[in-house]
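Engineer:
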Amino acid sequence: MIWLVVAVVAVVVGIVVLVVTRRPRPEPGVASFRRHIDALSPEARREVMDRVRKPPTDQEQAGD
Numbered sequence: 003m004i005w006l007v008v009a010v011v012a013v014v015v016g017i018v019v020l021v022v023t024r025r026p027r028p029e030p031g032v033a034s035f036r037r038h039i040d041a042l043s044p045e046a047r048r049e050v051m052d053r054v055r056k057p058p059t060d061q062e063q064a065g066d
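Going by our numbering, the sequence shown opens with residue 3, and the numbers climb by one from there.
1. Do A46 and D40 have their C-beta atoms closer together than 8 Å?
2. Measure the alpha-carbon distance for R55 versus F35 and round it to whole angstroms.
3. In the structure shown, what three-state DSSP assignment does S34 receive?
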C-alpha cells in the first residue's frame, strides 16, 4: 500500500515539474523595453502605414 502512495506522489511531482519548466519565461525588463521602443521607431511605423494607406483611385489621379 505504501508503494502506491509513493508512486502517486512521484507522478504528481513529475507533472508539476513538467508544467513549471514548460511555462514560457518572461523577457528581462530591458529586452522588453527595447522591443517596445523599436516597434515605435519611424522605420517600423513606415511599413505599417504603407500597408494601411489606400492606393489612389482613378478619380483622385485624374484630379492631379
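Every residue, glycine too, gets a C-beta built ideally from N, C-alpha and C.
Structural biologist: A quick look at the data gives this:
1. Taking 8 Å as the Cβ cut-off, A46 and D40 qualify as a contacting pair.
2. Roughly 28 Å between the two C-alpha positions.
3. The DSSP-derived three-state label of S34 is helix.
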